[in-house]
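Number of protein chains: 2
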Amino acid sequence: MKIAVDAMGGDHAPGAIVEGALQAAGAFADVHLILVGDEKQIRHHIVGDCPDNIEIIHTTEVIESDEKEPAKAIRRKRDSSMVIALELVHEQKADAVISAGNTGAFMAGGVFITKRIEGIERPALSPIIPSIAGKGTLVLDVGANMDAKPENLLQYAMMGTVYARKVMGVESPRVGLLNVGTEEKKGNELTKEAFVLLEDKLPNFIGNVEARDIPFSVCDVVVCDGFSGNILLKSYEGMAAAIFQVLKQEFTSSVTTKFGALLLKPGFRRLKQKMDYAEYGGTPLLGLQSPCIKAHGSSNAYAIKNAIGQALRFVQSDVIGQISKEVLEQKRGNDNE
Amino acid sequence: MKIAVDAMGGDHAPGAIVEGALQAAGAFADVHLILVGDEKQIRHHIVGDCPDNIEIIHTTEVIESDEKEPAKAIRRKRDSSMVIALELVHEQKADAVISAGNTGAFMAGGVFITKRIEGIERPALSPIIPSIAGKGTLVLDVGANMDAKPENLLQYAMMGTVYARKVMGVESPRVGLLNVGTEEKKGNELTKEAFVLLEDKLPNFIGNVEARDIPFSVCDVVVCDGFSGNILLKSYEGMAAAIFQVLKQEFTSSVTTKFGALLLKPGFRRLKQKMDYAEYGGTPLLGLQSPCIKAHGSSNAYAIKNAIGQALRFVQSDVIGQISKEVLEQKRGNDNE
Numbered sequence: 004m005k006i007a008v009d010a011m012g013g014d015h016a017p018g019a020i021v022e023g024a025l026q027a028a029g030a031f032a033d034v035h036l037i038l039v040g041d042e043k044q045i046r047h048h049i050v051g052d053c054p055d056n057i058e059i060i061h062t063t064e065v066i067e068s069d070e071k072e073p074a075k076a077i078r079r080k081r082d083s084s085m086v087i088a089l090e091l092v093h094e095q096k097a098d099a100v101i102s103a104g105n106t107g108a109f110m111a112g113g114v115f116i117t118k119r120i121e122g123i124e125r126p127a128l129s130p131i132i133p134s135i136a137g138k139g140t141l142v143l144d145v146g147a148n149m150d151a152k153p154e155n156l157l158q159y160a161m162m163g164t165v166y167a168r169k170v171m172g173v174e175s176p177r178v179g180l181l182n183v184g185t186e187e188k189k190g191n192e193l194t195k196e197a198f199v200l201l202e203d204k205l206p207n208f209i210g211n212v213e214a215r216d217i218p219f220s221v222c223d224v225v226v227c228d229g230f231s232g233n234i235l236l237k238s239y240e241g242m243a244a245a246i247f248q249v250l251k252q253e254f255t256s257s258v259t260t261k262f263g264a265l266l267l268k269p270g271f272r273r274l275k276q277k278m279d280y281a282e283y284g285g286t287p288l289l290g291l292q293s294p295c296i297k298a299h300g301s302s303n304a305y306a307i308k309n310a311i312g313q314a315l316r317f318v319q320s321d322v323i324g325q326i327s328k329e330v331l332e333q334k335r336g337n338d339n340e
Numbered sequence: 004m005k006i007a008v009d010a011m012g013g014d015h016a017p018g019a020i021v022e023g024a025l026q027a028a029g030a031f032a033d034v035h036l037i038l039v040g041d042e043k044q045i046r047h048h049i050v051g052d053c054p055d056n057i058e059i060i061h062t063t064e065v066i067e068s069d070e071k072e073p074a075k076a077i078r079r080k081r082d083s084s085m086v087i088a089l090e091l092v093h094e095q096k097a098d099a100v101i102s103a104g105n106t107g108a109f110m111a112g113g114v115f116i117t118k119r120i121e122g123i124e125r126p127a128l129s130p131i132i133p134s135i136a137g138k139g140t141l142v143l144d145v146g147a148n149m150d151a152k153p154e155n156l157l158q159y160a161m162m163g164t165v166y167a168r169k170v171m172g173v174e175s176p177r178v179g180l181l182n183v184g185t186e187e188k189k190g191n192e193l194t195k196e197a198f199v200l201l202e203d204k205l206p207n208f209i210g211n212v213e214a215r216d217i218p219f220s221v222c223d224v225v226v227c228d229g230f231s232g233n234i235l236l237k238s239y240e241g242m243a244a245a246i247f248q249v250l251k252q253e254f255t256s257s258v259t260t261k262f263g264a265l266l267l268k269p270g271f272r273r274l275k276q277k278m279d280y281a282e283y284g285g286t287p288l289l290g291l292q293s294p295c296i297k298a299h300g301s302s303n304a305y306a307i308k309n310a311i312g313q314a315l316r317f318v319q320s321d322v323i324g325q326i327s328k329e330v331l332e333q334k335r336g337n338d339n340e
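First to last, the sequence lines map onto chains A and B. Residue numbers for the first sequence follow the working numbering, so the first one is 4 and each next one is one higher. Residue numbers for the second sequence follow the working numbering, so the first one is 4 and each next one is one higher.
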């Protein structure tokens with residue numbers, strides 16, 4: 004199983020990326036990693052001999068995280084680590100690709116270089132949102148496409164169901180529609196129409212779900228337009244960050260509170276772990292012909308290792324074959340109506 | 004200053020509502036409260052003589068919090084505490100109205116009974132979102148209207164600016180547009196168009212703001228369509244609730260953690276206070292001809308007292324007069340273009 008890794012993308016690249024790759028190369032059986040990036044910089048982070056199951060492909064350019072026009076960067080920087088890594092999967096020289104680099108560029112590159120699955124109108128950026136119990140909730144879409152039509156949400160639901168079952172290990176994934184209330188007629192024009200369509204076409208649709216219930220595992224897959232999904236994701240991040248910041252201030256304010264915080268340290272560690280993106284691996288870009296995983300920009304080695312493990316499950320379980328099959332069946336069903 | 008209070012609305016009505024009114028009657032100068040609801044039940048919660056500045060208007064019906072069709076309930080239950088309270092302000096027998104009852108019914112009743120300000124196309128439900136510093140952030144709209152046009156967002160911005168300055172005491176309110184990134188061209192069709200309009204017409208517009216930065220006081224007023232605003236608000240609520248639930252489990256898991264939690268109790272109290280809706284009073288429904296304040300459904304007496312204080316500032320500072328004036332100026336400006 005060959006995984007192409009963009010070694011130059013991310014806040015801690017290439018150090019954390021190389022370190023994560025080394026960990027994964029030791030931990031997972033049958034993995035072959037292709038580190039794409041500046042060879043000298045990559046080698047600098049490999050102490051001793053390079054393991055047999057890691058190879059390096061040298062590139063000369065880097066797409067920066069603050070690139071002004073990410074989509075153009077993909078077309079312009081032809082010898083960047085991200086473009087070459089994406090081309091490797093497109094040319095079937097690798098089975099999957101991972102990058103912690105610029106999200107906009109990776110999404111654009113995913114569509115331009117690896118192409119969409121036939122019949123999938125729009126790919127979806129699909130992170131797992133932490134929940135206090137269970138395996139987290141897969142949300143599609145959080146920003147690959149800002150506006151969406153009801154038919155897109157139906158495809159997101161189908162893709163999310165396949166991914167949740169095959170990669171997250173959820174036997175019977177429950178799909179919810181992100182909305183402002185649980186009643187059927189709630190919402191805006193999009194959600195009202197989408198509700199009717201999902202109810203009709205999706206056997207595992209459980210109805211509308213509210214943003215405040217998602218961290219409590221109310222369902223396994225949530226579908227929404229990319230704008231709303233992005234607001235959802237960043238609201239969770241912002242509130243968690245705000246609470247942790249206030250707690251930190253409070254807990255370091257005196258000797259007494261520092262002692263109290265020491266006693267509670269294991270509990271805090273478990274809480275942070277529950278809320279930590281690194282535990283959930285990276286974010287798949289679903290709807291493309293190859294498995295493309297966007298790791299968090301601030302990924303450490305542990306997050307990269309987890310993202311590689313996730314890429315392996317993604318490939319082994321043939322998510323893309325299953326999505327292609329179901330989109331074809333959907334199309335046939337529509338043609339027969 | 005006469006404030007009509009729907010004594011029968013809310014999870015803890017009428018007890019908490021009457022108790023909050025009694026506290027406010029003692030705390031605020033020049034306040035006269037009209038408690039609207041079942042007289043017998045209201046009197047049951049008044050120990051001893053009723054203060055001179057509280058009067059009771061008896062009603063026989065109640066709009067329930069789980070009313071299936073809230074808007075119809077407003078038309079049907081003509082002798083409900085909420086309808087009569089709203090009519091009191093419309094007939095200028097009260098200066099403001101407060102209800103902790105059914106939100107949908109209160110919004111519908113606000114528009115049907117008290118009417119919109121001339122020139123305001125859509126009213127906005129405008130809660131204050133807690134922030135870790137400062138006075139919180141006013142968000143318009145979180146669900147009075149699901150879909151919005153750029154012109155609506157401009158009116159929300161104008162109304163929010165007036166309210167933040169006059170009631171929240173923010174000298175120069177900064178208005179942000181809720182979006183998926185801070186760059187100018189980000190977002191969906193609505194935000195792209197709204198950005199251009201706000202940039203052109205609103206001197207205190209600071210640009211796009213992201214959901215993750217709002218709890219850190221990145222601006223004083225946020226404008227968005229009601230669907231997105233509702234997702235934002237409920238995501239914050241959900242994540243805070245999830246974190247507090249995990250912390251509670253962790254902190255009560257052993258004698259050691261219980262002792263640690265005891266040492267940190269004042270810090271937790273301050274955190275909860277920072278995140279507590281009750282501290283911020285109720286949610287104004289802006290754009291109506293009378294001050295209408297929706298208190299949280301789970302309001303305790305303290306929250307009701309704060310909402311009454313807020314209603315007093317709302318009336319005294321003539322927010323509605325100022326909004327009427329600015330909407331007229333906006334209209335003149337447009338006509339001259």
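We put the CB at the ideal spot given by N, CA and C, even for glycine.
Residue i to residue j span [Cα, whole Å]
{"i": "B:I45", "j": "B:T106", "result": "22 Å"}
{"i": "B:E213", "j": "B:D41", "result": "45 Å"}
{"i": "A:I20", "j": "B:A74", "result": "56 Å"}
{"i": "A:G13", "j": "A:P126", "result": "22 Å"}
{"i": "A:K187", "j": "A:F198", "result": "Rather than Lys, the amino acid found at residue 187 of chain A in this sequence is Glu. If you take the alpha carbons of A:E187 and A:F198, they lie about 7 Å apart."}
{"i": "B:K118", "j": "A:K152", "result": "34 Å"}
{"i": "A:T185", "j": "A:E174", "result": "24 Å"}
{"i": "A:Q26", "j": "A:V226", "result": "34 Å"}
{"i": "A:G312", "j": "A:K138", "result": "16 Å"}
{"i": "B:S134", "j": "B:S301", "result": "21 Å"}
{"i": "A:D69", "j": "A:I101", "result": "19 Å"}
{"i": "B:P294", "j": "A:T255", "result": "43 Å"}
{"i": "B:I6", "j": "B:R316", "result": "12 Å"}
{"i": "A:A32", "j": "A:A111", "result": "32 Å"}
Contact with chain A by residue i, beta-carbon distance below 9 Å
{"i": "B:R125", "result": "no"}
{"i": "B:K283", "result": "For the sequence presented, residue 283 of chain B should be read as Tyr rather than Lys. It does not: the Cβ of B:Y283 has no partner Cβ on chain A nearer than 9 Å."}
{"i": "B:V270", "result": "Reading off the sequence, residue 270 of chain B comes out as Gly, not Val. Cβ-Cβ to chain A under 9 Å: yes for B:G270."}
{"i": "B:F109", "result": "no"}
{"i": "B:A10", "result": "no"}
{"i": "B:N303", "result": "no"}
Residues of its chain near residue i, where Cβ-Cβ distance is below 6 Å and the 5 sequence neighbours each way are ignored
{"i": "B:N182", "result": "K189, G190, T194 and N211"}
{"i": "A:G23", "result": "A304, I307 and K308"}
{"i": "A:K169", "result": "S320 and V322"}
{"i": "A:E58", "result": "I37"}
{"i": "B:A167", "result": "L141, V173, P176, D223 and V224"}
{"i": "A:L236", "result": "V145"}
{"i": "B:G179", "result": "I209, V212, C222 and V225"}
Any C-beta of chain B under 9 Å from that of residue i
{"i": "A:Y239", "result": "yes"}
{"i": "A:A147", "result": "no"}
{"i": "A:Q248", "result": "yes"}
{"i": "A:L274", "result": "yes"}
{"i": "A:K277", "result": "yes"}
Residues of its chain near residue i, where Cβ-Cβ distance is below 8 Å and the 5 sequence neighbours each way are ignored
{"i": "A:H61", "result": "G40, D41 and E42"}
{"i": "B:G122", "result": "S327, V330, L331, Q333 and K334"}
{"i": "A:K80", "result": "E64, V65, I66 and V86"}
{"i": "A:V165", "result": "V322, Q325, I326 and E329"}
{"i": "A:M162", "result": "I123, A127, S129, L143, L289, G290 and I326"}
Beta-bridge partners of residue i, as assigned by DSSP
{"i": "A:D98", "result": "Answer is none; A:D98 lacks a bridge partner."}
{"i": "A:T140", "result": "A:I132"}
{"i": "B:E58", "result": "B:I37"}
{"i": "B:A10", "result": "The partner list for B:A10 (beta bridge, DSSP) is empty, contrary to what the question assumes."}
{"i": "B:R119", "result": "B:L291"}
{"i": "A:A127", "result": "A:L289"}
{"i": "A:K43", "result": "Answer is none; A:K43 lacks a bridge partner."}
{"i": "A:G2", "result": "The requested residue 2 of chain A does not occur in the structure, where chain A is confined to residues 4 to 340."}
Sequence-distant residues of its chain with Cβ nearer than 7 Å to residue i (five each side left out)
{"i": "B:S231", "result": "L181"}
{"i": "B:E90", "result": "I116"}
{"i": "A:M278", "result": "P133 and A243"}
{"i": "B:S83", "result": "T62, E64, V65 and I66"}
Uninterrupted beta strand (DSSP E) stretches inside the region 235-309 of chain B (no shorter than 3 residues): Taking only runs of at least 3 residues, the beta strand (DSSP E) segments lying wholly in the region 235-309 of chain B are 286-289 and 295-297.
Ranges of the beta strand (DSSP E) found wholly within the region 183-225 of chain B, counting only runs of at least 3: For secondary structure counted as the beta strand (DSSP E) over 3 or more consecutive residues, the region 183-225 of chain B holds these complete runs in sequence order: 208-213.
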